[in-house]
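Okay, so here's the structure we're looking at.
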Amino acid sequence: MKIDVVTIFPQYLAPLQLSLVGKAIESNLISVAVHDLRDATSDPHRTVDDTPYGGGPGMVMLAEPWGKVLDELVTAESVLVIPTPSGAVFTQEIAESLAQRPHLVFGCGRYEGIDARVAQHYQTKTTVLELSIGDYVLAGGEVAALVMIEAIARLIPGVLGNSQSVFDDSFAPSAHGRLLE
């Protein structure tokens, strides 16, 4: 599986080099590439945000740099995952589905989020999922991406030391509603 993460804080994703995910990367079971959104800007200030066109507080991430980066990464086989508090709740079932896909691209927004036109545009090219890890707001999508990537990666064959471990997970279909952890 190939995973790309787009963010304005690439160092935020350093924990992916640790633990099971880090070992899976070292073993070439998964590949993870982190892309700095600011590298897709053309102005001297590397601007990635602006005030909302419709007014209101905060800043919205501009569509242009997102388009430049995503055009290079997204294919018809990709799934574009946009962590957002207003998205569908990320579940074990979704993790299992995403673990079967060959390529995931995580678009980690900040501020008031990514310009809505980005998700709308890429829905014409690939699967786009706007997902939340709970009913609360974080400063950006990086923490949510870390959570989702770990939940997905551990389901890929060979990532866990014992392949039977996933069958006894708290939310595995075989768990029948019992929580083990």
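Per our numbering: the sequence shown ends with 183, consecutive numbering throughout.
Where a beta carbon is used, it is the ideal one built from N, C-alpha and C, also for glycine.
Length of the line joining the Cα atoms of residue i and residue j
i	j	result
residue 35	residue 5	6 angstroms
residue 25	residue 99	22 angstroms
residue 12	residue 112	13 angstroms
residue 15	residue 152	12 angstroms
residue 140	residue 163	32 angstroms
residue 159	residue 33	14 angstroms
residue 18	residue 76	21 angstroms
residue 127	residue 78	6 angstroms
residue 2	residue 45	As displayed, the chain neither begins before 3 nor continues past 183, which places residue 2 out of reach and without an answer.
Neighbourhood of residue i by C-beta, 8 angstroms cutoff - its chain only, sequence neighbours within 5 removed
i	result
residue 72	8, 82, 107, 109, 120, 124
Anticipated Cβ contact below 8 angstroms, residue i with residue j, distance rounded
i	j	result
residue 147	residue 85	6 angstroms
residue 92	residue 150	6 angstroms
Environment of residue i [buried if 16+ CB atoms lie within 10 Å]
i	result
residue 117	buried
residue 37	buried
residue 144	buried
residue 90	exposed
residue 101	buried
residue 97	buried
residue 39	buried
residue 20	exposed
residue 60	exposed
Residues near residue i by beta carbon distance below 6 angstroms, same chain, minus five either side
i	result
residue 103	81
residue 2	In the structure displayed, the chain extends from 3 to 183; residue 2 sits before or after that span and is not available.
Bridge partners - residue i, DSSP secondary structure assignment
i	result
residue 90	133
residue 105	4, 80
residue 116	63
residue 142	112
residue 33	4
Other residues of its chain near residue i: CB distance less than 7 angstroms, five sequence neighbours each side excluded
i	result
residue 43	49, 50, 67
residue 161	22, 26, 31, 155
Cutoff 7 angstroms: residue i Cβ touching any chain C Cβ
i	result
residue 17	The displayed structure is made up of one protein chain only, and chain C is not part of it.
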